[in-house]
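Numbering (the numbering used here), first residue to last: 404 to 726. Idealized CB from N, CA, C, for every residue including glycine.
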Amino acid sequence: MRRIRTGVPIALVAWLVLAPAVLLAPLSLHLVVFDGLRGPLLLAGLPLLAGLLWRKRWRHSLAVMLLSLALLAPWLSSGRVPVNADMPQVKLVILPSSSPEAIAYAIGEKADIILIPDFSDGMGKALGTSSGVVPTPASQPELGATLPDLVPAYRPWILKPTDGMGIFLRDGLVRANDLRLRDERTPTYALVADARIAGTDLTIAMVHLNRPFPLAEWGRQVRQVRALAGQMADIPRPTILAGDFNALPWSGALDHLTSAMWSGTMAAPAAPWVGTFPAWSPLKLPIDQIRVSGGLQIVSVAAGPDVGSVHLPVLAIIALPPR
404 MRRIRTGVPI ALVAWLVLAP AVLLAPLSLH LVVFDGLRGP LLLAGLPLLA GLLWRKRWRH
464 SLAVMLLSLA LLAPWLSSGR VPVNADMPQV KLVILPSSSP EAIAYAIGEK ADIILIPDFS
524 DGMGKALGTS SGVVPTPASQ PELGATLPDL VPAYRPWILK PTDGMGIFLR DGLVRANDLR
584 LRDERTPTYA LVADARIAGT DLTIAMVHLN RPFPLAEWGR QVRQVRALAG QMADIPRPTI
644 LAGDFNALPW SGALDHLTSA MWSGTMAAPA APWVGTFPAW SPLKLPIDQI RVSGGLQIVS
704 VAAGPDVGSV HLPVLAIIAL PPR
């Protein structure tokens, strides 16, 4: 019994120290490592709160409840966004892998744009030397053999197999002549291309940032975010920024990138999100996200089914500017 009585205060002190640190994490890129503790901290708060209530520590219980609500607030759903009837819409899917299950889900949803920021193990090597814009994947046997389900209905492809990344566009959505890589030297965490979709010139930027932990990776994500923000600030056209950010929507990393996308214009609007990681958890972190700028609007965002990955897919409807 004595262990229980001494254990709760120690756990309480640790929790009350970590909770404010996590709440302050969005204020700086260098605090992003704490942001990843939001989910585990909430889960740890449940038994802690139960123990405090059982011991009738009302003030401590109230403190834990209020901090838990503050930690939980970013998960509140923002729902659908009303758009004008004359705004064409495209369906975009972010897949967590290039497995047959994931590909089948995207095709079943009749996605216009499929983003794969992280190919399944060995997939990049299997794609061979094909990189950049591939106008007719069916003409290259290694592509047809590696991703056969995408060949009939999706072309052109934009590939970066050495980094395990690919963008796949529904046949007829974009002409190959209207596609170009913005910078082939873009580091391994991003694939950026210009396209013309439904009469709108826009940029698609897909990312896969490093995790901010362990500490060896922490500084790397900060450098990636700063470099990508510099690139986003130089793009004068509407932009879709999507992928696996390994950072939360309210983090300093996403705030930095969103500010760069909207630099010199109005304040960036709030973007909806949905939990995707880990797929098995009832409380998922929204680290796979979408941001838009330049007159584009996110109509809705939803998580897809479990496709055998630690992440869930993301399904988004994006409205383009009126024609």
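Coarse secondary structure for residue i, derived from DSSP in three states
{"i": "PHE680", "result": "strand"}
{"i": "SER355", "result": "Examination of residue 355 is not possible in this model, given that the chain is present from 404 through 726 alone."}
{"i": "ALA541", "result": "helix"}
{"i": "ARG573", "result": "strand"}
{"i": "VAL653", "result": "According to the sequence as given, residue 653 is Trp; it is not Val. Three-state result, TRP653: coil."}
{"i": "ARG694", "result": "strand"}
{"i": "ARG623", "result": "helix"}
{"i": "VAL717", "result": "strand"}
{"i": "ASP515", "result": "coil"}
{"i": "SER424", "result": "First, the residue type needs correcting, since residue 424 is Ala and not Ser in the sequence shown. The answer is helix: DSSP assigns ALA424 an H, G or I state."}
{"i": "THR661", "result": "helix"}
{"i": "ARG578", "result": "coil"}
{"i": "LEU686", "result": "coil"}
{"i": "ILE355", "result": "What the structure shows of the chain is the stretch from 404 to 726, and residue 355 is not part of that stretch, so it cannot be assessed."}
{"i": "ALA705", "result": "strand"}
{"i": "SER712", "result": "coil"}
Where the alpha helix (DSSP H) through residue i begins and ends
{"i": "MET468", "result": "461 to 475"}
{"i": "ARG441", "result": "441 to 457"}
CB-CB length for residue i against residue j, believed under 8 Å
{"i": "ILE721", "j": "GLN492", "result": "7 Å"}
{"i": "VAL537", "j": "LEU546", "result": "7 Å"}
{"i": "ALA556", "j": "ASP574", "result": "6 Å"}
{"i": "SER696", "j": "SER500", "result": "About 28 Å separates the two Cβ atoms, so there is no contact after all."}
{"i": "ALA608", "j": "MET635", "result": "7 Å"}
{"i": "ALA606", "j": "ARG640", "result": "What sits at residue 606 in the sequence shown is Thr, not Ala. Going by Cβ atoms, the distance from THR606 to ARG640 rounds to 6 Å, so yes, they are a contact pair."}
{"i": "LEU475", "j": "ALA422", "result": "Going by Cβ atoms, the distance from LEU475 to ALA422 rounds to 11 Å, so no, they are not a contact pair."}
{"i": "SER464", "j": "LEU472", "result": "That pair is no contact at about 13 Å."}
{"i": "GLY698", "j": "LEU688", "result": "No, GLY698 and LEU688 are not in contact; Cβ-Cβ is about 30 Å, not under 8 Å."}
{"i": "SER654", "j": "ALA428", "result": "7 Å"}
{"i": "PRO685", "j": "ALA505", "result": "That pair is no contact at about 22 Å."}
{"i": "PRO559", "j": "LEU582", "result": "6 Å"}
{"i": "THR603", "j": "LEU723", "result": "5 Å"}
{"i": "ILE701", "j": "ALA719", "result": "6 Å"}
{"i": "ALA509", "j": "VAL496", "result": "4 Å"}
Residue i - partner residues in DSSP beta bridges
{"i": "SER523", "result": "Answer is none; SER523 lacks a bridge partner."}
{"i": "GLN492", "result": "ALA722"}
{"i": "VAL536", "result": "ILE561"}
{"i": "GLN700", "result": "ALA722"}
{"i": "ILE413", "result": "BP columns for ILE413 are empty, so no partner."}
{"i": "MET568", "result": "LYS563"}
{"i": "LEU584", "result": "ALA596"}
{"i": "ILE638", "result": "Looking at the DSSP assignment, ILE638 forms no beta bridge with any residue, so it has no partner."}
Residue range of the beta strand (DSSP E) that includes residue i
{"i": "GLY646", "result": "642 to 647"}
{"i": "LEU605", "result": "603 to 611"}
{"i": "ARG599", "result": "593 to 600"}
Touching by the beta-carbon criterion (3+ pairs, under 8 Å), the segment 545 to 553 and the segment 592 to 608: Fewer than three pairs of CB atoms, one per stretch, sit closer than 8 Å, so the segment 545 to 553 makes no contact with the segment 592 to 608.
Three CB pairs or more closer than 8 Å across the segment 410 to 426 and the segment 441 to 458: Between the segment 410 to 426 and the segment 441 to 458, the count of Cβ pairs shorter than 8 Å is three or higher; the stretches touch.
Cβ pair count under 8 Å reaching 3, the segment 630 to 642 against the segment 654 to 664: The segment 630 to 642 vs the segment 654 to 664: in contact.
The segment 640 to 647 in contact with the segment 512 to 525 per 3-pair CB rule at 8 Å: Cβ pair count under 8 Å is three or more, so yes.
At least three beta-carbon pairs within less than 8 Å, the segment 561 to 581 to the segment 678 to 694: Here the segment 561 to 581 does not lie against the segment 678 to 694, with fewer than 3 beta-carbon pairs under 8 Å apart.
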